[in-house]
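Below: one structure, written as structure tokens.
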Amino acid sequence: MSEPALATTHRSHLCGALRAEHVGTTVRLGGWVHRARDLGGLVFVDLRDRAGLVQVSFDPSRTGSELAARAASLGAETVVLVEGVVTERPAAMRNPDMATGDVEVRATTLRVVGPADTPAIPVARGKSEQLAAEDLRLRHRFLDLRREELQHNVILRHRLMQRTRRYLSDAGFLEIETPILTKPTPEGARDYLVPSRVHAGEFYALPQSPQIYKQLLMVSGFDRYFQIARCFRDEDLRADRQPEFTQIDVEASFVGQEDVMRVAEGLTRALWEEGGSAAPAEIPRMSYADAMERYGIDRPDLRYGMEIEDVSDAFRGLDFPFTSAALEAGGRVRGIRVPGGAALSRKQLDELDAIVKSAGGRGLLRIKRVNGALEGPAAKVLDESRAAKLRLADGELGLYLAGEDRLANPALDRVRQDVAQRMRLIPDDARAFVWVTDFPMFERDAASGALGAVHHPFTAPHPDDVPLLATEPWKARALAYDLVLNGTELGGGSIRISDPALQARVFALLGVDDETARARFGFLLEGLRAGAPPHGGIAFGFDRIVMLLAGATSLRDVIAFPKTTAARALFEGAPSPVPAADLTELHINVERE
RNA sequence: GGGGCCGUAGCUCAGCUUGGUUAGAGCACUCGACUGUCACUCGAGAGGUCGCGGGUUCGAGCCCCGUCGGCCCCGCCA
Numbered sequence: 020m021s022e023p024a025l026a027t028t029h030r031s032h033l034c035g036a037l038r039a040e041h042v043g044t045t046v047r048l049g050g051w052v053h054r055a056r057d058l059g060g061l062v063f064v065d066l067r068d069r070a071g072l073v074q075v076s077f078d079p080s081r082t083g084s085e086l087a088a089r090a091a092s093l094g095a096e097t098v099v100l101v102e103g104v105v106t107e108r109p110a111a112m113r114n115p116d117m118a119t120g121d122v123e124v125r126a127t128t129l130r131v132v133g134p135a136d137t138p139a140i141p142v143a144r145g146k147s148e149q150l151a152a153e154d155l156r157l158r159h160r161f162l163d164l165r166r167e168e169l170q171h172n173v174i175l176r177h178r179l180m181q182r183t184r185r186y187l188s189d190a191g192f193l194e195i196e197t198p199i200l201t202k203p204t205p206e207g208a209r210d211y212l213v214p215s216r217v218h219a220g221e222f223y224a225l226p227q228s229p230q231i232y233k234q235l236l237m238v239s240g241f242d243r244y245f246q247i248a249r250c251f252r253d254e255d256l257r258a259d260r261q262p263e264f265t266q267i268d269v270e271a272s273f274v275g276q277e278d279v280m281r282v283a284e285g286l287t288r289a290l291w292e293e294g295g296s297a298a299p300a301e302i303p304r305m306s307y308a309d310a311m312e313r314y315g316i317d318r319p320d321l322r323y324g325m326e327i328e329d330v331s332d333a334f335r336g337l338d339f340p341f342t343s344a345a346l347e348a349g350g351r352v353r354g355i356r357v358p359g360g361a362a363l364s365r366k367q368l369d370e371l372d373a374i375v376k377s378a379g380g381r382g383l384l385r386i387k388r389v390n391g392a393l394e395g396p397a398a399k400v401l402d403e404s405r406a407a408k409l410r411l412a413d414g415e416l417g418l419y420l421a422g423e424d425r426l427a428n429p430a431l432d433r434v435r436q437d438v439a440q441r442m443r444l445i446p447d448d449a450r451a452f453v454w455v456t457d458f459p460m461f462e463r464d465a466a467s468g469a470l471g472a473v474h475h476p477f478t479a480p481h482p483d484d485v486p487l488l489a490t491e492p493w494k495a496r497a498l499a500y501d502l503v504l505n506g507t508e509l510g511g512g513s514i515r516i517s518d519p520a521l522q523a524r525v526f527a528l529l530g531v532d533d534e535t536a537r538a539r540f541g542f543l544l545e546g547l548r549a550g551a552p553p554h555g556g557i558a559f560g561f562d563r564i565v566m567l568l569a570g571a572t573s574l575r576d577v578i579a580f581p582k583t584t585a586a587r588a589l590f591e592g593a594p595s596p597v598p599a600a601d602l603t604e605l606h607i608n609v610e611r612e
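If you read the first sequence in the working numbering, its first letter stands for residue 20, the second for the next number, and so on.
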């Protein structure tokens with residue numbers, strides 16, 4: 020890959036790009052003083068720009084003592100312009116840890132153009148020195164962003180964004196922008212609202228996603244659309260959740276599920292290649308039902324085994340307190356077998372128990388096989404044939420939960436993940452992509468029994484299951500699909516309903532009456548009645564993809580100016596109060612507690 | 001809305017268990033020495049609202065209550 024010429028009137032080369040091939044060249048550099056070393060005559064300055072570091076030397080016997088003295092007095096993070104000659108370093112003075120370590124620039128001039136206060140947080144950091152606290156890093160973001168790691172992440176983000184545009188554009192997709200000021204939606208996440216000055220008491224909402232707009236673009240005949248779309252959700256944050264985030268949003272017409280998945284796979288492959296690691300040619304698939312049965316979650320981590328197994332038969336008919344009640348109530352006994360798990364300490368097992376309890380379970384039944392014999396509270400009640408059904412090998416530990424699947428699944432998932440980490444069962448470089456398909460259309464609220472959309476209310480039912488809408492709608496599958504990597508959802512999508520009559524039926528099932536549907540989604544319904552092609556699409560969580568490919572552990576490390584977990588921007592100080600006059604103009608009266 | 005952890009010099013941390021004279025260290029900073037370093041080295045110095053408020057106590061960085069901020073998790077996130 021050839022670097023573009025970044026030469027300007029102030030500089031001829033990038034600091035970090037200088038190599039042996041430049042030896043003898045007179046260069047002009049601009050950069051930040053990373054570190055300076057004053058040896059009492061000879062002075063070295065490591066100069067930094069976005070390409071990296073280069074050592075600039077000031078030898079008083081060549082430069083005169085005045086220039087060397089000025090170099091010695093440079094503070095960290097000062098911006099300077101330097102003129103000099105790229106020189107090969109003597110063999111013993113090369114630095115193999117530096118990309119530019121074979122050369123140095125012998126300075127002939129030095130000009131301070133950007134004096135700098137002593138940095139509030141260090142940019143240059145010793146090998147074993149800790150990072151500054153994250154709130155300080157966010158408050159002084161312009162300094163933190165100078166660090167090599169964040170520079171790398173931001174540049175990677177740019178490359179992934181460009182690769183996305185190139186891939187989708189080459190595949191015939193049109194990049195079309197949709198409004199940021201849009202209509203509040205009662206469904207889904209809480210909206211960020213923007214008051215209207217012109218219309219007292221009325222509000223725009225920031226989009227949670229461009230969902231309806233992209234469907235209307237299909238109605239309008241744009242056939243293939245994409246957008247790198249900023250989305251907003253006013254919900255509480257996590258390490259992998261920001262209030263504003265970026266989606267790669269894709270929609271296409273005259274497509275079925277397979278067509279969308281093929282494009283999504285191609286894009287994934289391109290992005291992983293751009294990120295420096297190849298994605299598999301074909302991504303395996305698993306049904307939602309299968310994922311829940313074997314992994315207890317709809318985004319299974321397939322980098323390791325320990326699948327959930329049903330061992331109800333081993334306990335059926337037994338008078339054993341842990342399992343009897345659950346089995347009689349129609350529940351099951353399920354769990355995982357942990358290879359080598361018999362060696363886990365009492366303390367570790369208690370910690371697992373705590374995890375189960377925090378996930379809503381009553382506790383774990385633990386059975387291990389040591390030297391051929393079962394050990395644990397259930398060992399006495401299980402005879403040979405029942406014990407055999409557990410299929411525990413020597414040294415294995417069985418961890419079981421009894422009860423309803425809806426309660427046991429999340430707990431089993433947590434246990435499986437925790438154990439995998441504890442036992443180091445996850446290979447370092449493993450990548451396990453999987454498509455999860457055949458999601459249910461609806462989920463039933465546990466208390467009220469009311470139906471809600473699993474994906475969103477515009478998702479098409481599986482054609483085989485349309486009859487179920489009239490009888491047992493909660494059993495109907497949707498044409499919805501999620502792409503999962505290592506237990507993380509990368510993206511998800513669906514084929515949409517393009518038949519207005521079917522859309523009306525689905526709204527009815529969701530408890531949305533005609534009038535409400537018209538008020539909330541009228542412009543979409545009118546669109547569908549105007550002649551809608553079959554269409555569907557997918558949206559990827561772009562920030563999360565960058566995070567994975569950057570090897571970062573927090574979204575904040577791949578977003579230039581992120582928010583804290585309290586949705587604050589520490590750098591610019593948002594949100595903030597506004598003058599009373601501004602509120603008056605917006606017809607807003609703020610009540611304070 | 002709930003739970004957990006953290007807050008001491010510009011930065012990273014120790015001190016808190018068991019309250020007691022002047023709150024320490026490394027880095028950074030200032031001054032000085034040093035001509036091949038690359039986390040340069042060496043010497044000296046300056047630097048503190050112990051997040052904030054209240055309480056207990058003869059006495060609080062340390063104990064208690066509240067509060068603010070950060071991080072992680074549950075709820076929430078069609």
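Glycine is no exception: its CB is placed at the ideal position from the N, C-alpha and C atoms. The model shown is predicted, which means the values in this text are computed figures rather than measured ones.
- Boundaries of the beta strand (DSSP E) harbouring E107: 98–107, taken from the DSSP string.
- Taken in chain order, the complete beta strand (DSSP E) segments of 3 or more residues contained in the region 152–240 are 212–214, 222–224.
- R463 has its alpha-carbon roughly 32 Å from the corresponding atom of E370.
- For D448, the closest alpha carbon among the candidates R322, E270, A289 is that of R322.
- Runs of alpha helix (DSSP H) with 4 or more residues, each lying fully within the region 277–357, are found at 307–314, 331–334, 340–347, listed in chain order.
- In this chain, L509 is not harboured by any alpha helix (DSSP H); it is covered by the beta strand (DSSP E) spanning 507–514.
- One Cα belongs to G103, the other to D242, and the distance between them is close to 56 Å.
- Relative to the Cα of K582, the nearest Cα in the group R113, F251, Q181 belongs to F251.
- Just so you know, the alpha carbons of A495 and E415 end up roughly 39 Å apart.
- Scanning its chain for C-beta atoms nearer than 6 Å, with the 5 sequence neighbours on each side dropped, one finds no residue around M117.
- Residue pairing by DSSP puts S76 in a beta bridge opposite F63, R125.
- C-alpha of L235 to C-alpha of L544: approximately 10 Å in a straight line.
- DSSP, read as helix, strand or coil, puts R69 in coil.
- DSSP places D464 in no beta strand (DSSP E); its state is neither H nor E.
- In the assembly as shown, R563 is a buried residue. Its beta-carbon has 16 or more other beta-carbons within 10 Å.
- Closest in C-alpha terms to E491, from the list L528, L568, D518, L200, comes L528.
- Exposure of A348 is indicated by the presence of fewer than 16 other C-beta atoms within 10 angstroms of its C-beta.
- Its chain contains I327, A427, N428, P429, A430, L431, D432, R435 as the residues whose beta carbon lies nearer than 8 Å to that of G315, once the 5 sequence neighbours on both sides are disregarded; these appear in chain order.
- For G395 against G354, the beta-carbon gap comes to about 12 Å, at or over 8 Å, which does not count as contact.
- Contact annotation: R515 and H481 have beta-carbon atoms that are not nearer than 7 Å.
- Note on P594: under 16 other CB atoms within 10 angstroms of its CB, so exposed under the neighbour-count rule.
- I199 and L212 have their alpha carbons spaced roughly 11 Å apart.
- By the CB criterion at 7 Å, V75 and V105 fall outside the cutoff.
- By the Cβ criterion, the region 451–471 is not in contact with the region 182–197, since fewer than three pairs of Cβ atoms, one from each stretch, lie closer than 8 Å.
- Distances from the alpha-carbon of L346 to those of P79, E254, R160, A333 put A333 closest.
- The beta-bridge partner set that DSSP reports for F452 consists of L504.
- As a beta-bridge residue in DSSP terms, I557 pairs with V269, G512.
- Contact between the region 245–263 and the region 218–227 is present, with at least three C-beta pairs closer than 8 Å.
- Sixteen is the threshold: since fewer than 16 other Cβ atoms of the shown chains lie within 10 Å of the Cβ of I174, the residue is exposed.
- Put simply, of L420, S239, F339 the residue whose alpha carbon is nearest the alpha carbon of L384 is L420.
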